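Novice:
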Amino acid sequence: MGIFNDAMQALYHSGHYGYSIDVKKTAAKVDPKDVPAIVALGNVSRTPSYRTWHIDSPYKTKEFTEKLTMALVDCDLEMTDLTIKPEIDGRWGDR
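Just so we're aligned: 294 in the working numbering is position 76 of the sequence shown, and the numbers increase by one with no gaps anywhere.
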């Protein structure tokens, strides 16, 4: 694949970062789509139980974490209730 693979991977990942967020079972159930500040972070999807979220965001990990911390001010969750796992999309064979 070589150059084509590298070029497509760079094109796809420019401005795209995925985050998987696990919410502790003991934390309050909060639908992230009901919190405008969380929705503003990117494309949000979640499980029906609201315990796992996935956010495709234009922000790198440090900036994303800061913005998510500020977004939680408007809801019943705290950063200690969440585990953030940065992801890389494997469509183009990420290394």
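Idealized CB from N, CA, C, for every residue including glycine.
Treat the numbers as computed from the prediction; the structure is a model and nothing was measured.
In the structure shown, what three-state DSSP assignment does V257 receive?
Specialist: Correct three-state label for V257: helix.
Novice: Reducing DSSP to helix, strand and coil, say where K303 ends up.
Specialist: DSSP places K303 in strand when its eight states are reduced to three.
Novice: Hey, how far is the Cα of E281 from the Cα of I273?
Specialist: Approximately 14 Å, taken between the alpha carbons.
Novice: Buried or exposed: L286, going by 16 or more other Cβ atoms within 10 Å of its Cβ?
Specialist: Flag for L286 reads buried.
Novice: Measure from the alpha carbon of A258 to the alpha carbon of each residue in P266, A289, K247, then state which is nearest.
Specialist: Measuring from the Cα of A258, the nearest candidate turns out to be A289.
Novice: Answer with buried or exposed for V253, where buried requires no fewer than 16 other C-beta atoms within 10 angstroms of its C-beta.
Specialist: The residue is buried, with at least 16 neighbouring Cβ atoms inside 10 Å.
Novice: Which residues mark the beginning and the end of the beta strand (DSSP E) in which T270 is found?
Specialist: Start and end: 270–275.
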